[in-house]
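Heads up: the sequence shown begins at 25 in this note's numbering, then just goes up one per residue.
Just so you know, even glycine gets a beta-carbon here, dropped at the ideal spot from N, CA and C.
On a predicted model such as this, the values are computed, not experimentally measured, just so you know.
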Amino acid sequence: MEENKRFRNHISIVVERTGGILIALLIILVPQLLENMGDIRNITEIGMQLLSGNVMLINLGIFLVLFVLVGWQVFVWAKTYISIQENAIVIERETLNRKKDTIGIRNISNINVEQNLFEMLIGTCKLKLDTNSRSTADSTDVKIVLKKETALCFKQEIMRQMQEMSGERQAGAKAGAVSAAGTSPIHGHFQDDGRTAASASSPAAEGYSAEIQGEEFDIHADFGEILQHGFFSINIISLAILLIGIVGTVTTVIGILNKPDLMQSLLGAATGIIAAVVIVFSALWDTVKDFVRYYDFRTKRVGDKLHIKYGLFKKIEYMVPVDKIQGLKIRQSFIARMGKRYMAEIVNVGMGDDKAEKDSFLILYGTEDKLKERLYILLPEFAGAAELKTDRLPASVWAAWAVPGVVYTLCVIASAAAAYALFDEDYTIWVLIAASVMELFFLAGMILKYRTDGTGTGEEFLKVSRGYFGRNYLAVRYQNIQYVKFSQNPVARAFGLKKGEVHLLAASTNSIHTIPYFKNDTDEKIKSGMLSFPARVV
């Protein structure tokens, strides 16, 4: 078998990287063209205006920039090569500045497969590889675009090598002694069943291959469960924006329809109408996205890994080693809290680092009993965290909150005094109303926080609860805490209160979590737990 065979991304990666620029230009140019159409009588005049004087120079400049950008992306694609060499993925970029990135397979935290609508149409998909690195926790380390069949074979080869390395570590063999059984799975080195010739002779690889090829998933959400999850995921703020946007858009359109020159009015307000429609559809999508994002949601425990698949317009597939999971989140939106429903997410490097993948769902919204039942099936290592109770904040926390409360009130009074000095006396009542509303919001927020926040410490887990209208729980093993710090303001010290902050190995949105005020020996329990448990090898 030929070793170190190099291959490229699929050429469609050029389109994906430059498509956003083309769409942005259309968004800018189309409204301007519509606004000018009222003054142009025929297509010939439109063409003449586009080719005349400064307009022609601007258009030529735009097309030149596009040509250069597309040309550069084609050049980068042609000069970027990927290969598997000695238990590592090597990416070489031989452009003006030569680069060579080597990523050890043993350091890969998870492999994600993504397929958007464009990729579905042309039969490609995107592989996203993440490693155990805090420095790259906010972005995907490697993105590879390949034909779907080739991508799945490539993924299986990486997972096979990860499995073999894990088996050797468990058997006490020296790290890195795994034989590079075949290098590139991309150039015809796979058998018909999708395994390399070398992997076919490996019992561990055969068993692993059979596991992930299975059709049955432990949990397969039906249409009713997807609808339930979508309903309980609705964001109240997004819903309010949607309703306000619809009312504003309808009011604007009615006002335009009542004008004598209807067509001229429509063309003149084209930009405003398009902007309003974009806002409405954005809020609408934010409201209903979970109805379609998690279509065909499936999860399966495959040995020591979690296999998660979902998506309609964008298909997502995660394969996450359980020993890479840093924590478990249990969430309740405001609606879910009212309906006593819960959902679960996992926290680890590579999950939730991209903006499009902020949420790392494991279990969709359901009753508490259903959550515990599915957690025992998929992630029994964290099942005890669901049972762990959190203690409510001590009543003396109001004394600690008095310090920021006084500062906030002074700022509100100063702002109100400045507004009173700037505006006429006729606006005095509105200034007082605004100041009163701000104070009421602050007080309401503190009351909601007092009823929601809490901390629990068990034998293995630290569990904290945070929120206002909704509630978010985070459960982490003491051994997975990178470091922790505690603090007190003078008032809190006088009442024996402390609060803290734990740091995890995850993307920045999940790496830092606060511990609400507590009065007992929670800090000593956390320190003792971190020291008592041996560090997990990752």
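Check your understanding: Can you name the residues that DSSP bridges to residue 329?
Key -> Residue mapping note: residue 329 aligns to position 305 of the sequence shown, counting from 1. DSSP output for residue 329 lists 326, 345 as bridge partner(s).
Review point. Sorted by chain position, which residues of the same chain lie with C-beta nearer than 6 Å to residue 512's C-beta, five sequence neighbours on each side aside?
Key: On the sequence shown, position 488 is the one that residue 512 refers to. Counting only Cβ-Cβ distances below 6 Å, and skipping sequence neighbours, we find 522.
Exercise for review: Starting from residue 367, follow its DSSP beta bridges and name the residues at the other end.
Suggested key: For the purposes of this step, residue 367 is taken as the residue at position 343 of the sequence shown. Note: residue 367 is bridge-paired with 355 in the DSSP secondary-structure output.
**Study point:** Cα-Cα separation between residue 459 and residue 338, rounded to whole angstroms
**Key:** Here residue 459 is taken as the residue at index 435 of the sequence shown, counted from 1. Here residue 338 is taken as the residue at index 314 of the sequence shown, counted from 1. Taking the straight line from one Cα to the other gives about 46 Å.
Check your understanding: Of all the options 244, 431, 364, which has the alpha carbon lying nearest to the alpha carbon of residue 466?
Key -> Here the question's residue 466 lines up with position 442 in the sequence shown. Answer by Cα proximity: 431.
Practice item. Can you check DSSP and say which residues form a bridge with residue 185? Key: Against the sequence shown, residue 185 aligns to sequence position 161. According to DSSP, residue 185 bridges with nothing at all.
Review point. Is it true that the segment 473-483 meets the segment 534-549, where meeting means three or more beta-carbon pairs spaced less than 8 Å apart?
Key: In short, these stretches touch, since the Cβ pair count reaches three.
Exercise for review: State the DSSP-derived secondary structure class of residue 268, mapped to helix, strand or coil.
Suggested key: By one-based count along the sequence shown, residue 268 stands at place 244. Taken through DSSP and simplified to helix, strand or coil, residue 268 comes out as helix.
Point to revise | Sequence-distant residues of the same chain with beta carbon closer than 6 Å to residue 170, five excluded per side | key: Translated into the one-based positions of the sequence shown, residue 170 becomes position 146. The beta carbon of residue 170 lies closer than 6 Å to those of 34 in the same chain, with the five residues before and after it left out.
Review point. Looking only at its own chain, which residues have a Cβ that is under 6 Å from the Cβ of residue 488, when we skip the five neighbours before and after it?
Key: Mapped onto the sequence shown, residue 488 falls at position 464. Residues 479, 498, 539 of the same chain have their beta carbon placed closer than 6 Å to that of residue 488, with the five preceding and five following residues left out of the count.
Review point. To which residues of the same chain is residue 251 closer than 8 Å at the C-beta, ignoring the five residues directly before and after it?
Key: Here residue 251 refers to the residue found at position 227 when the sequence shown is read from its first residue. Counting only Cβ-Cβ distances below 8 Å, and skipping sequence neighbours, we find 315.
Point to revise | Nonlocal neighbours in the same chain, by C-beta distance under 7 Å from residue 547, ignoring five residues either side | key: Here residue 547 is taken as the residue at index 523 of the sequence shown, counted from 1. Excluding sequence neighbours, residue 547 sits near 510, 522, 524.
Review point. Roughly how many angstroms lie between the CA atoms of residue 132 and residue 481, to the nearest whole one?
Key: As a first step, residue 132 must be located in the sequence shown, where it is residue number 108. As a first step, residue 481 must be located in the sequence shown, where it is residue number 457. Rounded to whole angstroms, residue 132 to residue 481 spans 31 Å at the Cα level.
**Study point:** Sub-8 Å separation of residue 485 and residue 501 beta-carbons
**Key:** As a first step, residue 485 is located in the sequence shown; it is residue number 461 there, counting from the start. As a first step, residue 501 is located in the sequence shown; it is residue number 477 there, counting from the start. In terms of Cβ geometry, residue 485 and residue 501 form a close pair [threshold 8 Å].
Check your understanding: Would residue 390 be called buried (16 or more neighbouring beta carbons within 10 Å of its own) or exposed?
Key -> Sequence index remark: in the sequence shown, residue 390 carries index 366 (1-based). Residue 390 should be labelled buried.
Point to revise | Cβ distance (whole Å) where residue 136 is taken to contact residue 124 below 8 Å | key: For the purposes of this step, residue 136 is identified with residue 112 of the sequence shown, where counting begins at 1. For the purposes of this step, residue 124 is identified with residue 100 of the sequence shown, where counting begins at 1. That belief does not hold up - the Cβ atoms of residue 136 and residue 124 are roughly 24 Å apart, past 8 Å.
**Study point:** residue 87 versus residue 42 - alpha carbon distance
**Key:** If you number the sequence shown from 1, residue 87 lands on position 63. If you number the sequence shown from 1, residue 42 lands on position 18. If you take the alpha carbons of residue 87 and residue 42, they lie about 13 Å apart.
Check your understanding: Which of the three DSSP states, helix, strand or coil, is assigned to residue 540?
Key -> Mapped onto the sequence shown, residue 540 falls at position 516. Strand at residue 540.
Practice item. With a threshold of 16 other CB atoms inside 10 Å of the CB of residue 221, please say whether the residue is buried or exposed. Key: Here residue 221 refers to the residue found at position 197 when the sequence shown is read from its first residue. Since pLDDT at residue 221 reaches only 34, below the 50 mark, its modelled position is unreliable, and the value read off the structure follows with that caveat. Under this definition residue 221 is an exposed residue.
Review point. Secondary structure at residue 420, three-state DSSP: helix, strand or coil?
Key: The count along the sequence shown starts at 1 and reaches residue 420 at position 396. Reduced to three states, the DSSP call for residue 420 is coil.
Review point. What is the rounded straight-line gap between the Cα of residue 184 and the Cα of residue 107?
Key: The sequence position of residue 184 within the sequence shown is 160, counting from 1. The sequence position of residue 107 within the sequence shown is 83, counting from 1. Roughly 16 Å separates the two Cα atoms.
Review point. Can residue 402 and residue 325 be called in contact, C-beta distance under 8 Å?
Key: Locating residue 402 in the sequence shown gives position 378, where the first residue counts as 1. Locating residue 325 in the sequence shown gives position 301, where the first residue counts as 1. The Cβ-Cβ distance between residue 402 and residue 325 falls below 8 Å.
**Study point:** Pairwise C-alpha distance: residue 187 and residue 228
**Key:** Translated into the one-based positions of the sequence shown, residue 228 becomes position 204. Translated into the one-based positions of the sequence shown, residue 187 becomes position 163. Residue placement at residue 228 is poorly supported in this model, since its pLDDT is 39, which falls under 50; the coordinates still yield a value, given next. If I take the Cα positions, the gap works out to 8 Å.
Exercise for review: Measure the Cβ-Cβ separation of residue 319 and residue 253 and say whether it is below 8 Å.
Suggested key: Mapped onto the sequence shown, residue 319 falls at position 295. Mapped onto the sequence shown, residue 253 falls at position 229. No.
Practice item. Please name the residue in 456, 455, 450, 425 whose C-alpha comes closest to that of residue 469. Key: By one-based count along the sequence shown, residue 469 stands at place 445. When only C-alpha atoms are compared, the closest one is 425.
Check your understanding: Taking only runs of the beta strand (DSSP E) that begin and end inside the segment 449-535, which ones reach a length of at least 3 residues, in chain order?
Key -> Runs found: 478-481, 485-490, 495-501, 507-511, 522-527.
Exercise for review: Would you list the one or two residues that DSSP bridges to residue 125?
Suggested key: Numbered from 1 along the sequence shown, position 101 holds the residue referred to as residue 125. Per DSSP, 115.
**Study point:** C-alpha gap between residue 176 and residue 247, whole angstroms
**Key:** Indexing the sequence shown from 1 puts residue 176 at position 152. Indexing the sequence shown from 1 puts residue 247 at position 223. Spanning the two alpha carbons is a distance of roughly 27 Å.
Review point. So what's residue 197 in DSSP terms, helix, strand or just coil?
Key: For the purposes of this step, residue 197 is identified with residue 173 of the sequence shown, where counting begins at 1. Its pLDDT being 40, under 50, residue 197 is placed unreliably in this model, and the value from its coordinates should be taken loosely. Reduced to three states, the DSSP call for residue 197 is coil.
Review point. At what residues does the beta strand (DSSP E) containing residue 386 begin and finish?
Key: On the sequence shown, position 362 is the one that residue 386 refers to. Start and end: 385-390.
Review point. Just to check, is the beta-carbon of residue 188 closer than 7 Å to a non-hydrogen atom of the ligand MN?
Key: As for the ligand MN, it is missing from this structure, which has no ligand bound.
Exercise for review: Within its chain, find whatever has a CB closer than 8 Å to the CB of residue 38; leave out the 5 residues flanking it on each side and keep chain order.
Suggested key: To locate residue 38, count along the sequence shown from 1; it is residue 14. Taking residue 38 as the centre and dropping the five residues before and after it, the same chain places the C-beta of 94, 97, 98, 101 closer than 8 Å to its C-beta, in chain order.
Check your understanding: Expressed to the nearest angstrom, what Euclidean distance is found between the alpha-carbon atoms of residue 420 and residue 536?
Key -> Start at 1 with the first residue of the sequence shown, and residue 420 comes out as number 396. Start at 1 with the first residue of the sequence shown, and residue 536 comes out as number 512. Taking the straight line from one Cα to the other gives about 25 Å.
Review point. Which class does residue 155 belong to by DSSP, given the choice of helix, strand or coil?
Key: Against the sequence shown, residue 155 aligns to sequence position 131. The answer is strand: DSSP assigns residue 155 an E or B state.
Point to revise | DSSP bridge partner residues for residue 340 (one or two, in chain order) | key: Residue numbering aside, residue 340 sits at position 316 when the sequence shown is read from its first letter. Partner(s): 138, 334.
**Study point:** Reference residue 30; option with closest CA among 366, 493, 178
**Key:** The count along the sequence shown starts at 1 and reaches residue 30 at position 6. Scanning 366, 493, 178 for the CA closest to the CA of residue 30 turns up 178.
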